[in-house]
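> Chains as they are written, first to last, in this note's numbering: chain A, 12 to 241; chain B, 12 to 241.
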DNA sequence: TACTGTTGCGATACACCGTATTGGCAAAAT
DNA sequence: ATTTTGCCAATACGGTGTATCGCAACAGTA
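#1: Could you check which residue in B:54, B:96, B:127 has the C-alpha nearest to that of residue 83 of chain B?
#2: I'd like the span of the alpha helix (DSSP H) that includes residue 210 of chain B, first residue to last.
#3: Less than 8 Å between the beta carbons of residue 174 of chain A and residue 221 of chain A, yes or no?
#4: Would residue 67 of chain B and residue 123 of chain B be called neighbours here (beta carbons separated by less than 8 Å)?
#5: Contact criterion: CB-CB distance below 8 Å. Does residue 102 of chain A meet it with respect to chain B?
#6: I'd like the span of the alpha helix (DSSP H) that includes residue 230 of chain A, first residue to last.
#7: Give a yes or no on contact between the region 220-236 of chain B and the region 214-231 of chain A, applying the rule of three or more CB pairs nearer than 8 Å.
#8: Taking Cβ positions only, does residue 72 of chain B come closer than 8 Å to chain A?
#9: Going residue by residue through the region 50-91 of chain A, where are the continuous alpha helix (DSSP H) segments of at least 4 residues, counting only ones entirely within it?
#10: Distance check for residue 81 of chain B and residue 151 of chain A, CA to CA, integer angstroms please.
#11: Give a yes or no on contact between the region 48-60 of chain A and the region 95-106 of chain A, applying the rule of three or more CB pairs nearer than 8 Å.
#12: Shortest alpha-carbon distance to residue 77 of chain A belongs to which of A:207, A:120, A:92?
#13: Would you please verify whether the beta carbon of residue 135 of chain A is less than 8 Å from any beta carbon of chain B?
#14: Can you pull the chain A residues whose beta carbon is under 7 Å from the beta carbon of residue 227 of chain B, in chain order?
#15: Would residue 154 of chain B pass as a contact of residue 144 of chain B if the rule is Cβ separation under 8 Å?
#16: Distance check for residue 39 of chain A and residue 15 of chain A, CA to CA, integer angstroms please.
#17: Rounded to whole angstroms, what is the Cα-Cα separation between residue 210 of chain B and residue 147 of chain A?
#18: Report the neighbours of residue 212 of chain A on chain B: residues whose CB is nearer than 9 Å to its CB, in chain order.
#19: In chain A, which residues lie with their C-beta within 8 Å of the C-beta of residue 96 of chain B?
#20: Since residue 116 of chain A and residue 79 of chain A should fall inside the 8 Å C-beta cutoff, what is the C-beta to C-beta distance between them, to a whole number of angstroms?
#21: So is residue 135 of chain A buried or exposed if we call it buried at 16+ other beta carbons inside 10 Å?
#22: Run down chain A in chain order and give the residues with a C-beta less than 9 Å from the C-beta of residue 8 of chain B.
#23: Compare the C-beta of residue 113 of chain B with all C-beta atoms of chain A and state if any pair is closer than 8 Å.
#24: Helix, strand or coil: how does DSSP classify residue 27 of chain B here?
#25: Let me check understanding here. Comparing Cα to Cα, which of B:47, B:94, B:214, B:91 lies closest to residue 71 of chain B?
#26: What are the boundary residues of the alpha helix (DSSP H) that residue 95 of chain B is part of?
#27: Residues of the region 159-177 of chain B with a CB closer than 7 Å to any CB of chain A: list them in chain order, please.
#28: So, under 8 Å CB-CB, residue 206 of chain B and residue 197 of chain B are touching, yes? Tell me the CB distance rounded to an integer number of Å.
#29: Would you verify that the beta carbon of residue 223 of chain B is, or is not, closer than 8 Å to some beta carbon of chain A?
#30: Return helix, strand or coil for residue 167 of chain A, following the three-state DSSP convention.
#31: Please go through the same chain and pick out, in chain order, the residues whose beta-carbon is closer than 6 Å to the beta-carbon of residue 141 of chain B, but skip the five residues on each side of it.
#32: In the DSSP assignment, find the unbroken alpha helix (DSSP H) run with residue 133 of chain A in it and report its ends.
#33: Short of 7 Å in beta carbon distance, which residues of its chain neighbour residue 45 of chain A, apart from the five on each side in sequence? Order them along the chain.
#34: Since residue 118 of chain B meets chain A, which of its residues come closer than 9 Å, beta carbon to beta carbon?
#35: Between which two residues does the alpha helix (DSSP H) carrying residue 146 of chain B extend?
#36: Please list, in chain order, the chain B residues whose beta carbon lies closer than 9 Å to that of residue 215 of chain A.
This is how it looks when you write it as structure tokens:
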């Protein structure tokens with residue numbers, strides 16, 4: 012009896028933990044989107060039966076929450092930002108970059124309150140950067156307003172990106188590619204302003220558009236933070 | 012043989028159309044959320060077999076798109092708004108109200124480019140209200156920035172609302188209700204700014220918070236629209 | 001060492017999903 | 001009256017999340 016035909020021992024089960032499970036789920040999602048994440052596939056990637064996961068996770072929703080919080084670790088700034096504006100701008104851009112790396116995050120962003128440790132840490136450093144600049148309510152509103160902006164902007168950006176990817180081409184050709192549908196609609200003449208926008212609009216790249224809108228919002232916040240509490 | 016025991020004729024199949032299908036789907040979603048919408052249940056509500064729907068709809072995603080566009084009909088303003096600010100503010104508030112009536116909309120908002128006729132009509136009147144106030148690129152950025160804000164804000168509001176509903180109580184009791192988890196986290200002292208925010212923060216109602224953030228963003232837009240094109 | 005209790009894992013099972021395929025039946029056409 | 005056509009229902013398939021259950025390996029005790 013040689014070594015190589017000795018029957019495998021029944022595959023000593025590799026010990027599992029949340030980290031490994033979450034990592035496997037993220038890998039699947041990065042490769043095939045959120046819809047490629049099923050408990051069965053996650054388990055298979057860890058050489059385990061599906062039910063095994065329930066020892067570490069109580070539901071699929073919980074797994075999704077853990078995935079999100081894991082990505083928040085990438086969003087946490089390396090050092091406490093210098094001023095509030097840099098803190099908020101950095102947060103927005105890091106969130107955007109993380110979402111470009113993990114597109115599935117766009118489907119989850121803002122869908123549920125983020126209470127994981129990493130998300131809390133992100134919120135903490137953000138609040139700390141704004142501490143004392145105005146009364147608490149104003150600070151909260153500032154953070155939430157900026158957060159609402161970049162959350163929505165990122166979602167839209169990913170949505171457009173996917174649509175372009177699906178039809179195959181850039182927004183310029185998009186009017187044609189997006190099918191007869193839109194073209195026909197615009198041709199009806201019922202949407203003159205929209206037609207002008209589609210045909211005459213400059214194609215701006217997503218990042219600058221994101222950054223510009225962000226600066227607008229930050230300008231607005233600056234104005235409100237400056238005012239003394241009523 | 013009397014009338015009432017005459018055997019039913021084999022249930023003359025009610026003729027179907029997209030409208031009825033979409034209406035049934037929306038009704039289901041209003042009652043039980045998006046996860047209550049399955050082609051089987053929609054069909055059942057119309058006394059039809061599931062496969063029957065495929066004569067009018069080619070995929071479930073398409074049905075969801077149709078549902079969204081149907082709600083955009085509620086968002087369309089009744090009359091062309093007077094000025095740009097009112098146009099954008101109204102759009103934001105109507106979208107929010109529609110989402111409060113159809114909470115599932117929050118799960119779909121911003122998830123996909125909206126190309127249905129009603130959504131296009133909404134975009135059209137919005138663009139028309141801003142037409143000529145600045146160069147096209149600036150106008151587009153204005154619309155997109157405001158849209159990103161209220162999209163994100165609405166999603167967060169619904170997410171919080173669901174969380175509160177799940178734990179049962181208001182945000183004030185939420186720190187306790189949200190389970191040992193958050194409380195323990197805050198008690199670690201690793202999140203001083205966040206703890207202060209949670210414990211000392213005023214509870215502001217969602218609508219004013221939404222409106223305030225919106226006004227900030229509109230102020231910012233006003234500043235940019237005022238500037239002459241570079 | 002023999003036996004027993006416990007624990008954790010795998011297999012099985014259930015209800016449901018979106019959708020492809022098939023077959024029969026009623027209406028329309030010949 | 002017969003054939004053809006078009007639509008609808010039924011069936012089927014491969015997937016999903018999760019409850020249940022039985023077994024096998026280990027721990028502790030006599």
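Just so it is clear, CB atoms sit at the ideal spot from N, CA and C, and this is done for glycine as well.
Working from what's here:
#1: Residue 83 of chain B sits at position 72 when you count from the first residue of the second chain. Selected option, being the one with the closest Cα: B:127.
#2: Residue 210 of chain B sits at position 199 when you count from the first residue of the second chain. Membership of residue 210 of chain B in the alpha helix (DSSP H) is indicated by the continuous run 203-211.
#3: Counting from one through the first chain, the residue named residue 174 of chain A turns up at place 163. Counting from one through the first chain, the residue named residue 221 of chain A turns up at place 210. For residue 174 of chain A and residue 221 of chain A, no; Cβs fall outside 8 Å.
#4: One-based indexing of the second chain puts residue 67 of chain B at position 56. One-based indexing of the second chain puts residue 123 of chain B at position 112. Cβ atoms of residue 67 of chain B and residue 123 of chain B: not closer than 8 Å.
#5: Taking the first residue of the first chain as position 1, residue 102 of chain A is located at position 91. Taking Cβ atoms only, chain B never reaches closer than 8 Å to residue 102 of chain A, which makes this a no.
#6: Position 219 of the first chain, counted from the first residue, corresponds to residue 230 of chain A. Under the DSSP assignment, residue 230 of chain A falls in the alpha helix (DSSP H) whose first and last residues are 217-237.
#7: Taking a contact to require three or more Cβ pairs closer than 8 Å, the region 220-236 of chain B and the region 214-231 of chain A qualify as touching.
#8: Numbered from its first residue, the second chain carries residue 72 of chain B at position 61. It does not: the Cβ of residue 72 of chain B has no partner Cβ on chain A nearer than 8 Å.
#9: Runs found: 50-56, 71-86.
#10: In the first chain, residue 151 of chain A corresponds to position 140, counting from 1. In the second chain, residue 81 of chain B corresponds to position 70, counting from 1. Near 35 Å, if we compare the C-alpha coordinates of residue 81 of chain B and residue 151 of chain A.
#11: Segments in contact, no.
#12: As a working mapping, residue 77 of chain A is identified with position 66 in the first chain. It is A:120 whose Cα lies nearest to the Cα of residue 77 of chain A.
#13: The sequence position of residue 135 of chain A within the first chain is 124, counting from 1. Chain B, which has a Cβ nearer than 8 Å to the Cβ of residue 135 of chain A, makes this yes.
#14: Walking along the second chain from the start, residue 227 of chain B turns up at place 216. The contacting residues are 156, 231, 232, 235.
#15: The count along the second chain starts at 1 and reaches residue 154 of chain B at position 143. The count along the second chain starts at 1 and reaches residue 144 of chain B at position 133. Going by C-beta atoms, residue 154 of chain B is not nearer than 8 Å to residue 144 of chain B.
#16: By one-based count along the first chain, residue 15 of chain A stands at place 4. By one-based count along the first chain, residue 39 of chain A stands at place 28. Only weak support exists for where residue 15 of chain A lies, its pLDDT of 36 falling under 50; the value from the coordinates is given anyway. Rounded to the nearest whole angstrom, the C-alpha separation of residue 15 of chain A and residue 39 of chain A is 32 Å.
#17: On the second chain, position 199 is the one that residue 210 of chain B refers to. On the first chain, position 136 is the one that residue 147 of chain A refers to. Distance between the alpha carbons of residue 210 of chain B and residue 147 of chain A is about 11 Å.
#18: Within the first chain, residue 212 of chain A is the residue found at index 201, counting from 1. Those within 9 Å of residue 212 of chain A in chain B are 147, 148, 151.
#19: Along the second chain, read from residue 1 onward, the residue named residue 96 of chain B stands at position 85. Neighbours of residue 96 of chain B on chain A: none; closest Cβ ~14 Å, over 8 Å.
#20: The residue labelled residue 116 of chain A in the question sits at position 105 within the first chain. The residue labelled residue 79 of chain A in the question sits at position 68 within the first chain. So it is a contact: roughly 7 Å between Cβ atoms.
#21: Indexing the first chain from 1 puts residue 135 of chain A at position 124. So residue 135 of chain A counts as buried.
#22: Any answer about residue 8 of chain B is impossible in this case: the structure gives chain B only from 12 up to 241.
#23: Residue mapping note: residue 113 of chain B aligns to position 102 of the second chain, counting from 1. The Cβ of residue 113 of chain B sits no closer than 8 Å to any Cβ of chain A.
#24: Along the second chain, one-based indexing puts residue 27 of chain B at 16. Three-state result, residue 27 of chain B: coil.
#25: Residue 71 of chain B sits at position 60 when you count from the first residue of the second chain. Out of B:47, B:94, B:214, B:91, the CA that lies nearest to the CA of residue 71 of chain B is found in B:47.
#26: Translated into the one-based positions of the second chain, residue 95 of chain B becomes position 84. Taken as a continuous stretch (DSSP letters only), the alpha helix (DSSP H) holding residue 95 of chain B covers 95-112.
#27: Those would be 159, 160, 162, 163, 164, 166, 167, 170, 171, 174, in chain order.
#28: Residue mapping note: residue 206 of chain B aligns to position 195 of the second chain, counting from 1. Residue mapping note: residue 197 of chain B aligns to position 186 of the second chain, counting from 1. The distance from the Cβ of residue 206 of chain B to that of residue 197 of chain B is about 5 Å, consistent with a contact at the 8 Å cut-off.
#29: Locating residue 223 of chain B in the second chain gives position 212, where the first residue counts as 1. Judged by the 8 Å Cβ criterion, residue 223 of chain B is in contact with chain A.
#30: Position 156 of the first chain holds residue 167 of chain A. Residue state, collapsed to three classes: helix.
#31: The count along the second chain starts at 1 and reaches residue 141 of chain B at position 130. Result list for residue 141 of chain B: 95, 150, in chain order.
#32: Taking the first chain and counting its residues from 1, the one referred to as residue 133 of chain A is at position 122. For residue 133 of chain A, the enclosing alpha helix (DSSP H) covers residues 128-141.
#33: Within the first chain, numbered from 1, the residue matching residue 45 of chain A stands at position 34. Excluding sequence positions up to five before and after residue 45 of chain A, its CB lies within less than 7 Å of the CB of 115, 118, all in the same chain and listed in chain order.
#34: Translated into positions along the second chain, residue 118 of chain B becomes position 107. Correct list: 122.
#35: The residue you call residue 146 of chain B lines up with position 135 of the second chain. Annotation: residue 146 of chain B is outside any alpha helix (DSSP H) and is labelled neither H nor E by DSSP.
#36: Indexing the first chain from 1 puts residue 215 of chain A at position 204. Here the neighbours are 148, 151, 152.
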